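Under my numbering, the first residue of the sequence shown carries the number 7, and numbering increases by one thereafter.
Quick reminder that beta carbons are idealized off the backbone N, C-alpha and C, glycines included.
This structure is a prediction, so every number in the text was calculated from the model and none was measured.
Reviewing the structure listed below.
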Amino acid sequence: MKINFTSLFCLLLTFPLFNLLQAQTLSSVVLDSTTQKPIPYVTVLLDNRGVITNEEGRFSFQLNTDITESDSLKVSCIGYESIGKTLNQFDGKVIYLSPKAIELKEVIVSNKNYTPREIIGLVEENLEKNYQYGYTKKRLFLRESYQNTIEKTNYSIKESTIDAFNKSFLDSVLRTVPKNDTYYTESLGDLYGNEDDDEQKLSLIKASELYDKSKRLDLENLEERFNEIIKKNVKTDSYFKVKSGLFGTKVDADDLFEADIDSTDVNALHKQLEEKKKEKENQKEFFANYKRRTLGNLYSNLPIFKDTDYNVLRRPGRYDLTLEDFTYIGDKALYVISFSPKRSEEFKGKLYINSDDFALVKMEFENVAPLRKFKLLGVSLNEYLAKGSILFGKGDDGLYELKYYEIIKGNKVGFKRPVRIIEKNKNVRGRRKQNELHLKIDAAFSGINRYEVVVFKTTPINEAQFESLSEDNDVLPQYMPNYNADFWKGYTIMEPNTAIKEFTSEVQAEK
């Protein structure tokens with residue numbers, strides 16, 4: 007029987023949303039009713055719980071047993087008419103939002119004709135009244151995407167006294183190293199703390215990582231090849247001097263490869279098992295510390311705090327400000343103010359400010375110049391990209407809190423220097439220098455990193471509660487060769503985009 011997939015897809019769209027209650031998952035896509043295009047970063051509320059649509063307009067809710075067909079689903083986005091209906095009133099897996107017409111009189115009547123500088127002054131004046139400050143507990147989801155590319159790997163051998171380290175071998179090394187690599191990691195947890203990035207504690211609930219392990223295996227095989235060459239050509243009591251121009255470092259030969267363990271040596275095997283157990287505990291601690299630092303740095307850099315990179319609210323005089331437009335979120339009118347630096351500030355963007363309470367609801371930002379750029383002695387770094395958006399929304403207590411934070415960072419690294427790897431041995435009479443590999447390297451690398459944070463619920467806590475918390479992170483990310491939606495079954499997260507859903511490891515694809 008031949009299946010018409012277009013007809014099947016259309017048939018699926020006609021299923022009402024409340025039928026999905028049986029599956030304990032509610033999934034949909036939000037489209038612009040005029041253009042039929044997906045609307046990203048839409049706020050979707052169900053039973054006082056919120057999610058954000060991804061860049062493809064998709065969202066997914068994990069439903070608990072308290073949800074009924076009469077519960078309301080509320081959908082809102084800046085510039086669109088908000089909708090709120092009971093689940094059984096939605097007639098399909100597509101939700102349409104209509105662009106909201108701008109009626110300037112509604113804004114102008116409610117307020118006097120403020121200048122952009124005056125509006126931002128009122129935002130700063132009302133920060134303490136509008137936003138959740140102090141210690142909080144935030145249930146959140148973090149998705150990180152890393153895409154790395156080797157742009158150039160040129161080299162020339164100036165000298166090699168180890169025959170195995172020849173051009174043929176080094177060319178095979180370069181062919182082994184993957185030119186492109188993509189890595190995704192997702193984490194769900196509770197972040198405790200305030201606006202100080204050092205005052206943070208994290209309790210991880212679950213985490214995953216998605217990448218092509220075959221590329222890592224290629225590198226492990228490459229390491230084994232190096233180790234075999236070292237074992238055959240280098241004395242075990244040697245050490246290496248790795249020099250690049252003025253710089254040098256020392257590496258012991260024993261540190262380059264693990265010693266073989268006699269399978270009959272019980273004590274040695276026990277020691278090895280203890281070391282591996284300790285290594286795993288260290289991996290858990292490292293993973294948790296890295297996630298805490300990442301989240302702490304992102305949260306403490308919000309524009310509502312002091313000492314932030316996005317200081318337009320605190321230092322408006324350093325920017326050219328323009329009242330560009332008015333728009334709406336639901337029935338609330340918003341000022342749209344663009345900002346660009348007059349001199350040395352790093353970011354331009356737009357601010358969306360509630361005309362009633364002068365709260366910053368959304369910020370879009372993009373760097374106007376490299377955040378960091380240097381070139382010294384053949385090493386170069388260019389952090390050329392940092393752009394994203396930040397959304398705030400009201401919590402149960404009527405105060406605004408972070409709902410969504412996205413930032414995309416881009417960097418380029420270059421290395422054009424001579425490198426010498428010299429084997430030395432202090433126990434050999436006469437010449438200490440044993441072997442040498444002298445290369446001239448010209449390499450370039452680039453990377454795009456993306457961070458997305460969705461905050462589902464923010465709860466105030468006091469300092470005593472924070473101090474009494476003890477981090478007990480026992481979570482390592484579960485490896486996935488391709489995306490597995492069942493991994494997050496029972497949890498509400500941000501819906502993955504198509505690139506993540508369709509990611510497949512090369513080994514998997516060949517089978």
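Unbroken alpha helix (DSSP H) run spanning residue i, endpoints
{"i": "residue 471", "result": "469 to 474"}
{"i": "residue 130", "result": "122 to 131"}
{"i": "residue 179", "result": "173 to 182"}
{"i": "residue 505", "result": "504 to 507"}
Length of the line joining the Cα atoms of residue i and residue j
{"i": "residue 409", "j": "residue 208", "result": "18 Å"}
{"i": "residue 349", "j": "residue 392", "result": "18 Å"}
{"i": "residue 119", "j": "residue 344", "result": "17 Å"}
{"i": "residue 185", "j": "residue 500", "result": "30 Å"}
{"i": "residue 80", "j": "residue 95", "result": "12 Å"}
{"i": "residue 508", "j": "residue 300", "result": "26 Å"}
{"i": "residue 196", "j": "residue 210", "result": "6 Å"}
{"i": "residue 216", "j": "residue 192", "result": "9 Å"}
{"i": "residue 557", "j": "residue 233", "result": "Beyond the ends of the chain as shown, which are 7 and 517, falls residue 557; an answer cannot be given."}
{"i": "residue 176", "j": "residue 381", "result": "27 Å"}
{"i": "residue 213", "j": "residue 194", "result": "6 Å"}
{"i": "residue 123", "j": "residue 141", "result": "31 Å"}
{"i": "residue 63", "j": "residue 145", "result": "22 Å"}
{"i": "residue 78", "j": "residue 51", "result": "8 Å"}
{"i": "residue 596", "j": "residue 160", "result": "There is no way to answer for residue 596, as the model of the chain reaches only from 7 to 517."}
{"i": "residue 379", "j": "residue 307", "result": "21 Å"}
{"i": "residue 326", "j": "residue 356", "result": "12 Å"}
{"i": "residue 603", "j": "residue 369", "result": "Residue 603 is absent from the structure shown; the chain starts at 7 and stops at 517."}
{"i": "residue 336", "j": "residue 388", "result": "41 Å"}
{"i": "residue 29", "j": "residue 89", "result": "Residue confidence for residue 29 is low, a pLDDT of 45 falling below 50, so the modelled location carries little weight and cannot support an answer."}
{"i": "residue 55", "j": "residue 511", "result": "35 Å"}
{"i": "residue 330", "j": "residue 139", "result": "30 Å"}
{"i": "residue 73", "j": "residue 298", "result": "33 Å"}
{"i": "residue 58", "j": "residue 494", "result": "16 Å"}
{"i": "residue 458", "j": "residue 158", "result": "30 Å"}
Residue i and residue j closer than 8 Å at C-beta
{"i": "residue 309", "j": "residue 413", "result": "no"}
{"i": "residue 498", "j": "residue 67", "result": "yes"}
{"i": "residue 293", "j": "residue 482", "result": "yes"}
{"i": "residue 398", "j": "residue 374", "result": "no"}
{"i": "residue 385", "j": "residue 332", "result": "no"}
{"i": "residue 324", "j": "residue 351", "result": "yes"}
{"i": "residue 156", "j": "residue 183", "result": "yes"}
{"i": "residue 460", "j": "residue 147", "result": "yes"}
{"i": "residue 82", "j": "residue 49", "result": "yes"}
{"i": "residue 136", "j": "residue 405", "result": "yes"}
{"i": "residue 359", "j": "residue 125", "result": "yes"}
{"i": "residue 104", "j": "residue 34", "result": "no"}
{"i": "residue 401", "j": "residue 407", "result": "yes"}
{"i": "residue 302", "j": "residue 199", "result": "yes"}
{"i": "residue 168", "j": "residue 443", "result": "yes"}
{"i": "residue 219", "j": "residue 489", "result": "no"}
{"i": "residue 304", "j": "residue 411", "result": "yes"}
{"i": "residue 130", "j": "residue 319", "result": "yes"}
Residues that DSSP places opposite residue i in a beta bridge
{"i": "residue 339", "result": "334"}
{"i": "residue 156", "result": "451"}
{"i": "residue 388", "result": "379 and 418"}
{"i": "residue 483", "result": "Paired residues: none, contrary to the question."}
{"i": "residue 488", "result": "510"}
{"i": "residue 464", "result": "144"}
{"i": "residue 165", "result": "444"}
{"i": "residue 102", "result": "37"}
{"i": "residue 458", "result": "149 and 412"}
{"i": "residue 366", "result": "359"}
{"i": "residue 345", "result": "327 and 355"}
{"i": "residue 397", "result": "368 and 410"}
{"i": "residue 89", "result": "81"}
Residue i - containing beta strand (DSSP E), residue span
{"i": "residue 213", "result": "206 to 217"}
{"i": "residue 31", "result": "31 to 38"}
{"i": "residue 525", "result": "Absent from the model: residue 525. The displayed extent of the chain is 7 to 517, so no value can be given."}
{"i": "residue 353", "result": "353 to 360"}
{"i": "residue 314", "result": "First-last for residue 314: undefined, no H or E at that position."}
{"i": "residue 94", "result": "It is not in any beta strand (DSSP E) - residue 94 carries neither H nor E in the DSSP assignment."}
{"i": "residue 196", "result": "186 to 199"}
{"i": "residue 43", "result": "Residue 43 -> no beta strand (DSSP E), and no H or E assigned at all."}
{"i": "residue 82", "result": "78 to 82"}
{"i": "residue 319", "result": "Note, residue 319: premise wrong, no beta strand (DSSP E); not H, not E."}
{"i": "residue 55", "result": "55 to 58"}
{"i": "residue 50", "result": "49 to 52"}
Below-8 Å beta-carbon distance, residue i vs any chain D residue
{"i": "residue 146", "result": "In the displayed structure, chain D is absent; only one protein chain is listed."}
Take every Cβ of the segment 150 to 157, pair it with every Cβ of the segment 451 to 458, and state whether three or more of those distances are shorter than 8 Å. Cβ pair count under 8 Å is three or more, so yes.
Would you say the segment 469 to 482 touches the segment 38 to 50, given that touching needs at least three Cβ pairs under 8 Å? no
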